[in-house]
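Trainee: Residue numbers (numbering that gives the first Met the number 0), protein chains in the order written: chain R, 0 to 491; chain W, 0 to 491.
Protein chains: 2
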Amino acid sequence: MDVGCFFGLVCVVIFGNFVPQAAGIRRISPYNPRNPTDLAGKIDYKTFYFKQQVDHFGFENTDTYQQRYLLADQFWDKNEGPIFLYTGNEGDITWFCNNTGFLWDIAPEFKALLIFAEHRYYGLSMPYGSESYKDAHHLNYLTSEQALADFGSLITSLKSSLPGAKNSPVVAFGGSYGGMLASWFRLKYPNVVVGSLAASAPIFEFSELTNCEAYMSTATKPYVKASPTCADNIRQSWADINKVGSTGAGRQSLSSMFRLCKPLANVEDVADFKSWLSDTWGNLAMVNYPYPASFLEPLPAWPIKKACGSLSSPLTGQPLLEGIFEAVSLYYNYTGQAKCLDINQQGTASLGDKGWGYQACTEMVQAICADGKSDMFEPFSWNFTSYAAGCSKNWHFPLTPRPDWGPLVYWSRNLKAASNIIFSNGLLDPWSTSGVLKSISPTLVAIVIPEGAHHLDLRSSNPADPTDVVAARTQEKKIIQGWISDYWKNFK
Amino acid sequence: MDVGCFFGLVCVVIFGNFVPQAAGIRRISPYNPRNPTDLAGKIDYKTFYFKQQVDHFGFENTDTYQQRYLLADQFWDKNEGPIFLYTGNEGDITWFCNNTGFLWDIAPEFKALLIFAEHRYYGLSMPYGSESYKDAHHLNYLTSEQALADFGSLITSLKSSLPGAKNSPVVAFGGSYGGMLASWFRLKYPNVVVGSLAASAPIFEFSELTNCEAYMSTATKPYVKASPTCADNIRQSWADINKVGSTGAGRQSLSSMFRLCKPLANVEDVADFKSWLSDTWGNLAMVNYPYPASFLEPLPAWPIKKACGSLSSPLTGQPLLEGIFEAVSLYYNYTGQAKCLDINQQGTASLGDKGWGYQACTEMVQAICADGKSDMFEPFSWNFTSYAAGCSKNWHFPLTPRPDWGPLVYWSRNLKAASNIIFSNGLLDPWSTSGVLKSISPTLVAIVIPEGAHHLDLRSSNPADPTDVVAARTQEKKIIQGWISDYWKNFK
Chain R
0 MDVGCFFGLV
10 CVVIFGNFVP
20 QAAGIRRISP
30 YNPRNPTDLA
40 GKIDYKTFYF
50 KQQVDHFGFE
60 NTDTYQQRYL
70 LADQFWDKNE
80 GPIFLYTGNE
90 GDITWFCNNT
100 GFLWDIAPEF
110 KALLIFAEHR
120 YYGLSMPYGS
130 ESYKDAHHLN
140 YLTSEQALAD
150 FGSLITSLKS
160 SLPGAKNSPV
170 VAFGGSYGGM
180 LASWFRLKYP
190 NVVVGSLAAS
200 APIFEFSELT
210 NCEAYMSTAT
220 KPYVKASPTC
230 ADNIRQSWAD
240 INKVGSTGAG
250 RQSLSSMFRL
260 CKPLANVEDV
270 ADFKSWLSDT
280 WGNLAMVNYP
290 YPASFLEPLP
300 AWPIKKACGS
310 LSSPLTGQPL
320 LEGIFEAVSL
330 YYNYTGQAKC
340 LDINQQGTAS
350 LGDKGWGYQA
360 CTEMVQAICA
370 DGKSDMFEPF
380 SWNFTSYAAG
390 CSKNWHFPLT
400 PRPDWGPLVY
410 WSRNLKAASN
420 IIFSNGLLDP
430 WSTSGVLKSI
440 SPTLVAIVIP
450 EGAHHLDLRS
460 SNPADPTDVV
470 AARTQEKKII
480 QGWISDYWKN
490 FK
Chain W
0 MDVGCFFGLV
10 CVVIFGNFVP
20 QAAGIRRISP
30 YNPRNPTDLA
40 GKIDYKTFYF
50 KQQVDHFGFE
60 NTDTYQQRYL
70 LADQFWDKNE
80 GPIFLYTGNE
90 GDITWFCNNT
100 GFLWDIAPEF
110 KALLIFAEHR
120 YYGLSMPYGS
130 ESYKDAHHLN
140 YLTSEQALAD
150 FGSLITSLKS
160 SLPGAKNSPV
170 VAFGGSYGGM
180 LASWFRLKYP
190 NVVVGSLAAS
200 APIFEFSELT
210 NCEAYMSTAT
220 KPYVKASPTC
230 ADNIRQSWAD
240 INKVGSTGAG
250 RQSLSSMFRL
260 CKPLANVEDV
270 ADFKSWLSDT
280 WGNLAMVNYP
290 YPASFLEPLP
300 AWPIKKACGS
310 LSSPLTGQPL
320 LEGIFEAVSL
330 YYNYTGQAKC
340 LDINQQGTAS
350 LGDKGWGYQA
360 CTEMVQAICA
370 DGKSDMFEPF
380 SWNFTSYAAG
390 CSKNWHFPLT
400 PRPDWGPLVY
410 WSRNLKAASN
420 IIFSNGLLDP
430 WSTSGVLKSI
440 SPTLVAIVIP
450 EGAHHLDLRS
460 SNPADPTDVV
470 AARTQEKKII
480 QGWISDYWKN
490 FK
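1. Between S152(W), N139(W), A106(W) and S131(W), which has its C-alpha nearest G116(W)'s C-alpha?
2. Which runs of the alpha helix (DSSP H) fall wholly inside the segment 102–186 of chain R and span at least 4 residues, in chain order?
3. For N424(R), count the other beta carbons within 10 Å of its own beta carbon; 16 or more makes it buried, fewer makes it exposed. Which is it?
4. Could you name the residues of the same chain whose beta carbon sits closer than 8 angstroms to that of S459(W), not counting the 5 residues immediately before and after it, in chain order?
5. Measuring straight from C-alpha to C-alpha, what distance separates E130(W) and E144(R)?
6. For S433(W), which option in D456(W), F58(W), L208(W) and D54(W) has the closest C-alpha, if you only look at C-alpha atoms?
7. What residue range is occupied by the uninterrupted alpha helix (DSSP H) comprising T473(R)?
8. Exposed or buried, what is K273(R) when buried is set at 16 or more other beta-carbons lying within 10 Å of its beta-carbon?
9. Got a sec, what are the start and stop residues for the alpha helix (DSSP H) L320(R) sits in?
10. With 16 as the cutoff for other CB atoms within 10 Å, does F203(W) come out buried or exposed?
11. Does the Cβ-Cβ distance between S440(W) and S418(W) come in under 9 angstroms?
12. Within a Cβ cutoff of 7 angstroms, which residues of the same chain sit near T399(R), ignoring the five residues on either side of it in sequence?
13. Starting from the N-terminal side, write out each stretch of the alpha helix (DSSP H) that is 4 residues or longer and does not extend beyond the segment 353–408 of chain R.
14. Compute the Euclidean distance between the alpha carbons of N492(W) and K133(W), then round it to the nearest angstrom.
15. Quick check: is the beta carbon of Q540(R) nearer than 9 angstroms to any beta carbon in chain W?
16. Do we get a CB-CB distance below 9 angstroms when we pair A248(R) with the residues of chain W?
17. Does DSSP classify V447(W) as helix, strand or coil?
18. Please give me, in chain order, every unbroken run of the alpha helix (DSSP H) with length at least 4 that falls completely inside the segment 253–315 of chain W.
19. Quick check: the Cα distance between R234(W) and N166(R), rounded to an integer number of angstroms?
20. For G405(W), which residues of its own chain have a beta-carbon under 6 angstroms away from its beta-carbon, when the five flanking residues on both sides are left out?
21. Using Cβ-Cβ distances below 8 angstroms, what residues of the segment 139–170 of chain R are close to chain W?
22. Using a Cβ-Cβ distance under 9 angstroms, would H55(R) count as near chain W?
23. For a minimum of 4 consecutive residues, which ranges assigned as the alpha helix (DSSP H) are wholly contained in the segment 63–89 of chain R?
24. Using beta carbons (cut-off 9 angstroms, strictly below), is E362(W) in contact with chain R?
25. Given a cut-off of 9 angstroms, decide if V447(R) and L414(R) are closer than it, judged by their beta-carbon atoms.
26. To the nearest angstrom, how far is it from the Cα of P262(R) to the Cα of R250(R)?
27. On the CB-based measure, 16 or more other CB atoms within 10 Å of its CB, does R472(W) come out buried or exposed?
28. What does the alpha-carbon distance come out to for the pair K372(R) and P299(R)?
29. Report the rounded CA-to-CA distance for L276(W) versus F422(W), giving the unit in angstroms.
30. Which whole-angstrom value describes the C-beta separation of F379(W) and C390(W), a residue pair presumed to lie in contact below a C-beta threshold of 8 angstroms?
31. Can you give the Cα-Cα distance for D239(W) and N60(W), rounded to whole angstroms?
32. Short of 6 angstroms in beta carbon distance, which residues of its chain neighbour D467(W), apart from the five on each side in sequence? Order them along the chain.
33. Quick check on S245(R) - is its C-beta less than 9 angstroms from some C-beta in chain W?
34. Could you pull out every residue in the same chain whose Cβ sits closer than 8 angstroms to the Cβ of S212(R), ignoring the five residues on either side in sequence?
35. Thinking C-beta only, is Q66(R) closer than 9 angstroms to Y48(R)?
36. So I114(W) packs on Y68(W), CB below 8 angstroms; how close in whole Å?
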């Protein structure tokens, strides 16, 4: 059975034989001028590059590379202003910068220096240029530990070289995988960072820490909330697709109904088609924002409610499939410009996909499964052996995921020894179940945003924001202010 | 000028041109039957091997190796007893086991399981067997970060496989570099370890954190305490050695007087000779124990006092040099068995030296210098460039030390975010100045032992123990008991 596997900002189709994410699809538009909430052109920063060790953890390889970072100092009070660092995740840092309006909103009142640091192997921060993804050797330095060491080295260097920065307290921010990095940065380098805001960071998604069902069942909830019938229709659709897709004529009919760029030729294509649909439902849940936005695709406000419009009464057969087509069209063709829908659609920043695919095949092993009951997806199980075999097959070199490593190095569910981290999660977000939803200690604070999708709190303030995200941001600012005050109080 | 450079249990001569430690001398006797405080033969443990990843931080190299560990479960109460882990340092783990009597003393009352884990690249834990030290590639995995990951993986695995161990709280112990590792283990893996006793751990010895003068001036203090004249005589000796050593006849006379196995042929040899003397004074300070012991060499109680016997009145010229000879003879020939003294003497576990030499040339960059005023050594300065050049020269492959890395990854002097670490230091120990001598918080406790040399508190209880080390051990046990109680209190 197929597995639709998602992560954070990168959406991926995994094929029937568990070929992992590197074969995946990315549907990110790095910059979309039609997006009213995209900040590109409205914000001002400078771009710099910092010489980093390719390998922080060994001394044989002395290569260095240029890490990109963006810097905005127009709000900064060098005497008392903090440094706000965005710990870049699996994509072009300018895109994260443009979609993290919260930092731009609060920088003036905090008089903060903003730094957005790109994650190695993404965007323009390629350790080996166009050869970075060439083989096992060139990819060997794509790990979260190396990325955290990059952030630590960058900040340490900037603090010693940037006039005024020497004593500035640093606060880390990140969303999704970037949020995981922000929280891990505080775990591993509290000498560098006084606290971290980890927004929608599914830090418990490691296969051994969370039930594999978590993602799919949580992704189902906003559909049930929009309309229980909508979720039932989607649950029903898999059988109807299988039925229609089992014959040549049926596949032709499906291809035509869904206006697929490339017709479904066989049952393997039908499996890919279902994975692509699964992906779409998950993506839609992640970006179920209360106002028109274009985070993954240009979409209207509350897109799930809208998508469910065509699935609000019990359907089956041809009418059900037509309803499904209408719903996915909202996601892929809201602007009406798409000539056809491409189930193997590749985004504009394909390296981002490849990178996350590699990470998912090494240390970021996230188990996903579905039972079709607590969720609306076609049932499939999690099988690590098949998954691991798929990794090597897909990458064309031996690649063995190590599912135990992430939980060991990032403290599993035993975070009590940490401090000064905010874990915010929107309950509409499929990843929220793998996040920290209850405060662990007075300094490890969980903020739950019932009406929030994937790191809504990191986005710019918007008149359509639900009150709970407004309250979350207020609480976040207060806590961050507390970290900064404490820092200066203890400063000698 | 020469630099005598020491670390922990490994003593090293660095030559005049700053060739670093790998060329060094090790004077450790792994097991000495004449040593009344060595526990070999008196304690009972089993030896096991655990399959470890050679590279925890990358996925290209999938090699594994067998890490040795010693296990003693005869005191262990599986229901409530803790696990005491010794985080092995730069040498054979059986030797540390035999010289860490404190753990054997307290295991029965704590009903603890004892585990002594060997550090990779030392003892029998060779990632690539006899090729481990072959070249830059094979040595690439000799880092403290990899060693900590080994400890974490070992403990995690044992807790899941050893019946009764699943819920046992783990406390880490270590002395010298092993103490640094114990403290860093708590910083980086508090999910694995509830607390750490870091005995005589000079965690601030990194070149950028401590004045390079620290070691030499602290090494001088016990000599001054034994007899100010003794220290003055040693300070005076360098000029006399230089004078005598500047001529062939003088070198011959020196060689004969010091019964050197190999005569000093030229001024370079004289430089090595002085380094060897410097080493000796430092070593003697480290093992200035209150009872006869054989940690580095077989020695009487309070060996500095004894060595200073021949240097207690102001001397110069020939009588001074004779006094110096008598003093070093105490160190090298207390048993009277040595036929000659070898300034290039190699210990029985030379890999330990080589390993530390590599670590000192990569991440463990410890600056040492002397001014001849606050200390009794011949003045020399610290020069990183020369040091780094010496590393590559000595290892016959490019090897660039990275002095910034250690402070970054191990939190520099900014440890406030940590918890549950005891830093104990004996003030007689030359390394104490680079340790934590003041408590940082209620859970980061400094214990100072005025009459203690290098991790005296980790040794077996002895009737000749000064009261302050007895008190230190009592306090340590109480704090450790508190960690364990807290663990069970919060256990769900």
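Beta carbons are placed, not taken as given, at the ideal position from N, Cα and C, and that holds for glycine.
Quick caveat: nothing in here was measured; it's all calculated off a predicted structure.
Mentor: This is what the structure gives:
1. It should be noted that the sequence gives Ala, not Gly, for residue 116(W). By alpha-carbon distance to A116(W), the top candidate from S152(W), N139(W), A106(W) and S131(W) is S152(W).
2. 135–138 and 143–160
3. buried
4. T36, L38, G100, F101, W103 and D104
5. 28 angstroms
6. L208(W)
7. T466 to N489
8. Per the 10 Å Cβ criterion, buried.
9. G316 to N332
10. buried
11. Yes.
12. A387
13. Counting whole runs of 4 or more residues, the segment 353–408 of chain R contains the alpha helix (DSSP H) stretches 383–394 and 404–408.
14. Because chain W is modelled from 0 through 491, residue 492(W) falls outside the range shown and cannot be assessed.
15. Given a span of 0 to 491 for chain R in the structure shown, any question on residue 540(R) remains unanswerable.
16. no
17. Reduced to three states, the DSSP call for V447(W) is strand.
18. Annotation note: the segment 253–315 of chain W contains the following uninterrupted alpha helix (DSSP H) runs of length 4 or greater, listed N- to C-terminal: 266–285 and 302–306.
19. 42 angstroms
20. F205 and E362
21. If the cut-off is 8 angstroms between Cβ atoms, the segment 139–170 of chain R has N139, Y140, T142, E144, Q145, A148, G151, S152 and T155 near chain W.
22. yes
23. Whole alpha helix (DSSP H) segments, 4+ residues: zero.
24. yes
25. With respect to V447(R), L414(R) sits apart: the two C-beta atoms are not nearer than 9 angstroms.
26. 8 angstroms
27. buried
28. 29 angstroms
29. 30 angstroms
30. Not really, about 18 angstroms apart at Cβ, beyond 8 angstroms.
31. 55 angstroms
32. Within the same chain, I448, P449 and E450 come within 6 angstroms of D467(W) by CB-CB distance, once the 5 residues on both sides are set aside.
33. Not one chain W Cβ lies under 9 angstroms of S245(R).
34. It is Glu, not Ser, that sits at residue 212(R) in the sequence shown. Around E212(R): C368, A369, D370, S373 and D374.
35. Yes, these two residues count as a Cβ contact at 9 angstroms.
36. 6 angstroms
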